[in-house]
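A.B. asks: Please see the structure below; I have some questions.
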Amino acid sequence: MAQAAIELIGINKSFGAVRANRDINLEIVRGTIHGIVGENGAGKSTLMSILYGFYQADSGEIRVGGQPASIKTPNDAIALGIGMVHQHFMLVDNFTVLENVILGAESDALLKKSIAKARSELERLEREYGLEVDPDAIIEELPVGLQQRVEILKALYRGAEILILDEPTGVLTPAEADHLFRILKQLKEQGKTIVLITHKLREIMAITDTVSVMRQGTMVATRETKKTTVEELAELMVGRRVLLRVEKGEAEAGGVKLAVKNLTVKDSRGVTMVDDISFDVRAGEIVGIAGVAGNGQSEMLEAISGIRRAVSGSVMLDGKPIDLTGAADPGELRDRGLAHVPEDRHHVGLVLAFEENENSILGYHDHPRYLRGPFLNIDAIRNDARDRIAKYDIRPADCRLKTANFSGGNQQKIVLAREMEQDPGVLIVGQPTRGVDVGAIEFIHKRLIAMRDQGKAVLVVSVELDEIRSLSDRILVMFAGRIVGERGPDATEGELGLLMAGVEQREAAE
Amino acid sequence: MSTPYAKLPAWADYVLIPLINLFVAFVVAGFVVILVGENPLRAAVVLVEGAFGRGQGIAFTLFYATTFIFSGLSVAVAAHCGLFNIGGEGQGYIAGLGIGIVCLAFDSVLPWWLTFPLAIIAAAAMGALWALIPAYLQAKRGSHIVITTIMFNFIAASVMVYALVGFLKPANSMAPQTRTFLDGAQLPKLNWVIELFGAKIRSAPFNISFLLALAMAFLVWVLIWRTRLGYEMRTYGHSSKAARYAGISETRIIIVAMMISGALAGMMALNPTMGDQHNVALEFVSGAGFVGIAVALMGRLHPVGIVLAAILFGMLYQGGAELAFEMPAISRDMIVIIQGLVILFAGALEHMFRPYVQALFASLSPRSVGMEAIKGKGA
Amino acid sequence: MDLFNAVIQVLDSTIRLSVPLLLACLAGLYSERAGIFDIGLEGKMLVGAFAGAAAASVFHSAYLGLGMAILISVAFALIHGFASITHRGNQIVSGVAINFIAAGSTIMLGQAWFQQGGRTPALASDERFGAIIWPGADALRGVPILGPIYSELISGHSVLVYVAFLAVPFTWWVLFRTRFGLRMRAVGENPAAVDTAGISVAWLRYRALICTGVLTGIAGAYLSMVQNGGFVKDMTAGKGYIALAALIFAKWKPVNAMFACLLFGFLDALSIRLQGTPLPVIGKVPVQLMQALPYILTVILLAGFIGKAIPPRAGGVPYVKER
């Protein structure tokens, strides 16, 4: 009988009103690779952070090696032989590999012995697992794949028997990812237990022995990898949520309003986030971009709306180019009829400390309508705000209230009202209903469709597959920075789920 | 300086918490008084009586408050744009150069009401110029504005010594200060306003720059809450990402906000030079620029709060002088301690008492404050 | 030979003037390396100077004075820690507050306790740290070149001067050769890495601040018990800020810090020496320019025109465990 390395029993964890984990039960068998899949926000990382002592569960029990364990700090976890490789590396960038490895695990008040010990230990680990890395290299000079290897070495150096990896391939190239998997397999052969958190089904199928699926904070299923299929997992992961289909007629698509060609965007670390994508959005249609979060959608949105610099490619608005050098004036783009509802309404789309009416002009504050010379035309601003509050049923109906005091749904309506009421030719919407209550979702969807019916070009990016299917006239799926497929509104969940998991892309490439 | 905590009623936020912070600052200051062997309660009585007991005291209180209104507004304008201008001292000091030149050039030919506007322009321009360089370096080269403005305080001090010794002082004088300004550069007193209420004033330097300070407080209010520029400054101050999204130029807004802040700091030099000493002397600012930090924090960055806080500090300065006279064990430097304590409790420790106040409010009316707020997990 | 003697004298006063800067600069190095901005160096030095001189004159002991200077200075460092670590307050605001409290309380308590206008009583020679004359210093004084260098520059300073210069290699050793130093540097760069390694971020930062307090205490004691025979109000006169400038100039490295402080001390010594004397070639240099030079150099450095000063990455940001 295989012995359980870790058992989680009835784990609950809430952050404020958000229940990140509810009644989680999980058993991880020693010497196996156990995958945990789920969409972003499904609660995988929270669960693992509880196991690593970074957070405390509100209730529930953890057993390690059959013994009840109290894990209050990462130290407790380390002492129990649990190591973690975080999604965002916990490395000191200007330290050497050796310094990072011994940090917190120094054998002595002086470093000399610790360093000597770590050096020989690293050599041993290199021999045993093929974990090559120059111990004297500075972290920030290493490629991302090697930085991750240092994280693994850190855990092994501390005697980890159980290794948790949180989205380890998110920052890796396919070749680096393959190398990582070889290392993980080797670790398994040496008797280590590995927990792999990911949203990429291909990885799960390639490497795990067992897989558990999380959705919206709950553990929905655990399967033996051999006995399941990508299709089944995709369905479990995405789930069959109650679909709030909004009635809509056929799209009458007109001319091209927004044309994206060969757009490539890199993030601040130089990792390619958007990789040579091209598509059009026509007047009178809604184009939906589906994809698991973190596949380049955010960067694409920012580039199109002129906030982020693009490396190459072009974006045409009504046949005229948008400045992609990062020096674009978002105000000028608004004047040209491009409205943008950003994904992050808390830090970008709104200033939470502002009164509602002040947010109702953000980005349009320099329109003559709202100004009298250098002064704000307070009457005009508040009148417009009140009109929109009525029209969009924003509650409480008080334009002087601080925006932070509105619920998520009402905050989103404030942003949408602002952008839609400018009568833009093109509307770009990131996550239209993230953190929005059910009642408001339907309202927002109807509004978006009404925009389309007025002949606007609407581009919607959402990680909610239901939403994309409900709204879109055409669906594009983004994976790893590329558009991996285009489908009509009648595409099935399973079909899209596979695309989102990058499965077809892989097959097409081979 | 956003708060990660949930909301309280506005009056608790803007009145109750500052008062609690102030109260704690005074309690700690009271311990210092005990340490020197005096009775803190009696000291408080002497302080308040000294500041408001007689017309003379009121006039001095308002004279000190005048300078602090300017320096408090200066800190607040920058803070609304998310910038910490710690260089008000230097910006005010260097403004003395502009004032000195204008006054020496025109005091014999123009009446005060023509010299004054010229001096205001000169003071504001010099202050703004002295803030421009740190602002530019912050916006374009990413140099930390706190450090550069501190450095500019010291550079200003050297420039002023050089200017005073080099060309502003009369050739036949040893003292590093300008000659006494003639009537054309002396601001009229406002003491008669207080005398209208029946008080008697022997002589006090309370002058019309107080009215300029009040006007500036009003204009700052207009600027921050009623103009497009103020709107952009506040947007940037709360979230640079939102400002980017809204098409607000980072470079421009940093430079403009700092120059306005510097201009206000520059104007604080008018009161002690043209209003009181009638010359420009070494170290005439004497820390008023730093008092502005305490005033702005205490006044919660709102012009009304700043005027009130400035009067409070004016009172401390005037009452402190009386206190030093009445109780020899307590020197005027007591005010500096209180100032420091106010900055500590109203600034760095501003959230220390908030959870308790929130818990109190929650227990009084559980629905007005979410339980979440008490755990401090609002963000 | 006159020129040589003048050079020796300038260098000798360079050393004396550099010492308080160096101690304060190293003090700032501990706190900033741990990710806590500290513009309260000035205030901590000041309370150290006052406590040192006051205790020395009351207890008639230089060492008790030094102990008290360190104690009080550390207490002020802990206030900074309480505000900026425990309560995650704004570190700049907290530093400003400390400078004010220090400036006010030293004068007020001095006046209340000693009634000499904010001064402490003049210290007798056994209440101060006297000069240590190295063996043979007097005998070698006559030897050309090496004699004056040995007897003037190397010998004849107080014990605190040697402490300051020994603190440089010591700090280097702590920073780069001990576990504490490794963790301290890590917490200033990436506190999350330290936290996930199972080390308390707060306690580590508090310990760094204690080191800061000890060094500013010594710096203060040097001012009031070596350079001067007692405390005079505001006697730090901006040295805390010059030390901060030197720290930036030194790019947060101990050996660089020593050279930066020696440079700034040299500029100070030179400006005193050259008061009014014209230089060859350049002519008369305004003494104010010399005094402002450290600040100007720092601004230029900060602007990135002569190399780049990259501060510890987590500096100034209170650590909040991320969700």
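Chains as they are written, first to last, in our numbering: chain A, 1 to 510; chain B, 511 to 889; chain C, 890 to 1212. Beta carbons: idealized from backbone N, C-alpha and C, even for Gly.
Figure out for me which residue from C/L935, C/R1202, C/L906 and C/A942 has the closest Cα to the Cα of C/A1011.
C.D. replies: For the purposes of this step, residue 1011 of chain C is identified with residue 122 of the third sequence, where counting begins at 1. Out of C/L935, C/R1202, C/L906 and C/A942, C/A942 has the C-alpha closest to the C-alpha of C/A1011.
A.B. asks: Need the endpoints of the alpha helix (DSSP H) that C/S1044 sits in, please.
C.D. replies: As a position in the third sequence, residue 1044 of chain C is number 155, starting the count at 1. Run containing C/S1044: none; DSSP gives neither H nor E here.
A.B. asks: Whole angstroms is fine: what's the gap from A/P396's alpha carbon to C/A1135's?
C.D. replies: In the first sequence, residue 396 of chain A corresponds to position 396, counting from 1. In the third sequence, residue 1135 of chain C corresponds to position 246, counting from 1. About 55 Å.
A.B. asks: Looking at C-alpha atoms only, which residue of B/L729, B/V669 and B/I763 is the closest neighbour of B/R744?
C.D. replies: Position 234 of the second sequence holds residue 744 of chain B. Here the closest residue by C-alpha is B/I763.
A.B. asks: Measuring only between beta-carbons, confirm whether B/L593 sits less than 8 Å from chain A.
C.D. replies: Taking the second sequence and counting its residues from 1, one reaches residue 593 of chain B at position 83. No, its Cβ sits nowhere closer than 8 Å to a Cβ of chain A.
A.B. asks: In angstroms with no decimal places, state the Cα-to-Cα distance between C/T1060 and C/A916.
C.D. replies: In the third sequence, the residue the question calls residue 1060 of chain C occupies position 171. In the third sequence, the residue the question calls residue 916 of chain C occupies position 27. Near 10 Å, if we compare the C-alpha coordinates of C/A916 and C/T1060.
A.B. asks: Is C/R1212 close to chain A? Criterion is C-beta to C-beta, closer than 8 Å.
C.D. replies: Residue 1212 of chain C sits at position 323 when you count from the first residue of the third sequence. Unreliable placement is indicated for C/R1212, whose pLDDT of 46 sits below 50; the coordinate value is still reported in the next sentence. For C/R1212, the answer is yes, since a Cβ of chain A falls inside 8 Å of its Cβ.
A.B. asks: I'd like to confirm the pairing. Which residues does DSSP put opposite A/D280 in its beta bridges?
C.D. replies: The residue you call residue 280 of chain A lines up with position 280 of the first sequence. A/A259.
A.B. asks: Would you please verify whether the beta carbon of B/Y755 is less than 8 Å from any beta carbon of chain A?
C.D. replies: Along the second sequence, one-based indexing puts residue 755 of chain B at 245. Yes, its Cβ sits closer than 8 Å to a Cβ of chain A.
A.B. asks: Quick one: which chain A residues come within Cβ less than 8 Å of C/N1079?
C.D. replies: Position 190 of the third sequence, counting from 1, holds the residue named residue 1079 of chain C. Here the neighbours are M90, L91, V92 and D93.
A.B. asks: Please state whether the Cβ-Cβ distance between A/V274 and A/G104 is less than 8 Å.
C.D. replies: Along the first sequence, one-based indexing puts residue 274 of chain A at 274. Along the first sequence, one-based indexing puts residue 104 of chain A at 104. It is not a contact, given that the beta carbons lie outside the stated cut-off.
A.B. asks: Determine whether the beta carbon atoms of A/T198 and A/T225 lie at a separation below 8 Å.
C.D. replies: Translated into the one-based positions of the first sequence, residue 198 of chain A becomes position 198. Translated into the one-based positions of the first sequence, residue 225 of chain A becomes position 225. Not closer than 8 Å, so no.
A.B. asks: Going by beta carbon distance, what residues of the same chain come within less than 7 Å of B/A635, once the five residues before and after it are set aside?
C.D. replies: Here residue 635 of chain B is taken as the residue at index 125 of the second sequence, counted from 1. Counting only Cβ-Cβ distances below 7 Å, and skipping sequence neighbours, we find G608.
A.B. asks: Give me the Cβ distance between B/I816 and B/G582, rounded to the nearest whole Å; I'm assuming they're in contact under 8 Å.
C.D. replies: Here residue 816 of chain B refers to the residue found at position 306 of the second sequence. Here residue 582 of chain B refers to the residue found at position 72 of the second sequence. About 4 Å separates the two Cβ atoms, so the contact holds.
A.B. asks: Within the continuous alpha helix (DSSP H) that includes A/N75, where are the two ends?
C.D. replies: For the purposes of this step, residue 75 of chain A is taken as the residue at position 75 of the first sequence. That run of the alpha helix (DSSP H) goes P74 to A79.
A.B. asks: Locate the alpha helix (DSSP H) running through A/R388, then write down its first and last residues.
C.D. replies: Position 388 of the first sequence, counted from the start, is the residue given in the question as residue 388 of chain A. Element bounds for A/R388: I378 to K391.
A.B. asks: As an exercise, report each continuous beta strand (DSSP E) stretch of at least 3 residues that is fully enclosed by the stretch 443–477 of chain A, in chain order.
C.D. replies: The qualifying runs are 457–461.
A.B. asks: Along the chain, where does the alpha helix (DSSP H) containing C/P1010 start, and where does it finish?
C.D. replies: Position 121 of the third sequence holds residue 1010 of chain C. Unbroken run through C/P1010: none, as it is neither H nor E.
A.B. asks: Could you give the distance in angstroms between the alpha-carbon of B/N595 and the alpha-carbon of C/L930?
C.D. replies: Taking the first residue of the second sequence as position 1, residue 595 of chain B is located at position 85. Taking the first residue of the third sequence as position 1, residue 930 of chain C is located at position 41. Distance between the alpha carbons of B/N595 and C/L930 is about 19 Å.
A.B. asks: For the beta strand (DSSP E) holding A/S314, just list the boundary residues, first then last.
C.D. replies: In the first sequence, counting from the first residue as 1, residue 314 of chain A sits at position 314. Run containing A/S314: S312 to L317, per the beta strand (DSSP E) assignment.
A.B. asks: If you run the structure through DSSP and keep just helix, strand and coil, what is B/H812?
C.D. replies: In the second sequence, the residue the question calls residue 812 of chain B occupies position 302. Coil, per DSSP.
A.B. asks: Going by alpha carbons, who is nearest to C/G956 out of C/A1126, C/A945 and C/H976?
C.D. replies: Start at 1 with the first residue of the third sequence, and residue 956 of chain C comes out as number 67. When only C-alpha atoms are compared, the closest one is C/A945.
A.B. asks: Could you tell me which of A/A283, A/A259, A/S212 and A/E332 sits nearest to B/G756, measuring between CA atoms?
C.D. replies: Your numbering for residue 756 of chain B matches position 246 in the second sequence. Looking at the sequence shown, residue 756 of chain B is not Gly but Ala. Comparing Cα positions, the closest option is A/E332.
A.B. asks: Report the option in A/E121, A/D93, A/Y129 and A/Y157 whose CA atom is closest to the CA atom of A/V144.
C.D. replies: Residue 144 of chain A sits at position 144 when you count from the first residue of the first sequence. That would be A/D93, whose Cα lies nearest to the Cα of A/V144.
A.B. asks: Ignore the nearest five residues each way along the sequence and tell me which others in A/R149's own chain have a CB closer than 7 Å to its CB.
C.D. replies: Reading the first sequence from its first residue, position 149 is the one you call residue 149 of chain A. L131 and V133.
A.B. asks: Do the CB positions of A/I33 and A/L8 come within less than 8 Å of each other?
C.D. replies: Position 33 of the first sequence holds residue 33 of chain A. Position 8 of the first sequence holds residue 8 of chain A. Their beta carbons are not under 8 Å apart, which means A/I33 does not touch A/L8 by this criterion.
A.B. asks: Is the beta carbon of C/K1128 closer than 8 Å to that of C/L918?
C.D. replies: On the third sequence, residue 918 of chain C is found 29 positions in, with the first residue counted as 1. On the third sequence, residue 1128 of chain C is found 239 positions in, with the first residue counted as 1. For C/L918 and C/K1128, no; Cβs fall outside 8 Å.
A.B. asks: Once you ignore the five residues that flank A/G455 on each side, which residues in its own chain have a CB closer than 6 Å to its CB?
C.D. replies: In the first sequence, the residue the question calls residue 455 of chain A occupies position 455. Correct list, in chain order: A283 and G284.
A.B. asks: Go ahead and label B/F707 buried or exposed: buried means 16 or more other beta carbons lie within 10 angstroms of its beta carbon, across all protein chains shown.
C.D. replies: Position 197 of the second sequence, counted from the start, is the residue given in the question as residue 707 of chain B. Exposed, since its Cβ has fewer than 16 Cβ neighbours within 10 Å.
A.B. asks: For C/W1092, count the other beta carbons within 10 Å of its own beta carbon; 16 or more makes it buried, fewer makes it exposed. Which is it?
C.D. replies: Working through the third sequence from its first residue, we reach residue 1092 of chain C at position 203. Per the 10 Å Cβ criterion, exposed.
A.B. asks: Looking only at its own chain, which residues have a Cβ that is under 7 Å from the Cβ of C/I1131, when we skip the five neighbours before and after it?
C.D. replies: In the third sequence, counting from the first residue as 1, residue 1131 of chain C sits at position 242. Excluding residues within five positions, the ones whose Cβ falls inside 7 Å are L910, F1153 and P1183.
A.B. asks: Give the list of continuous alpha helix (DSSP H) stretches no shorter than 4 residues that lie fully inside the stretch 183–231 of chain A.
C.D. replies: Correct list: 201–207.
A.B. asks: Just mark A/N359 as buried or exposed, buried being the case when its beta carbon has 16 or more other beta carbons within 10 Å.
C.D. replies: Walking along the first sequence from the start, residue 359 of chain A turns up at place 359. Buried: at least 16 other Cβ atoms inside 10 Å.
A.B. asks: Helix, strand or coil for C/Q928, going by three-state DSSP, please let me know.
C.D. replies: On the third sequence, position 39 is the one that residue 928 of chain C refers to. Per the sequence shown, the amino acid found at residue 928 of chain C is Ile instead of Gln. It is coil, neither helix nor strand.
A.B. asks: Could you pull the start and end residues of the alpha helix (DSSP H) that B/E860 belongs to?
C.D. replies: Within the second sequence, residue 860 of chain B is the residue found at index 350, counting from 1. Here B/E860 belongs to no alpha helix (DSSP H), and DSSP marks it neither H nor E.
A.B. asks: So A/P374 contacts chain B; which residues on that side make the cut at Cβ distance below 8 Å?
C.D. replies: Stepping through the first sequence from its first residue, residue 374 of chain A is reached at position 374. In chain order: T737, R738 and L739.
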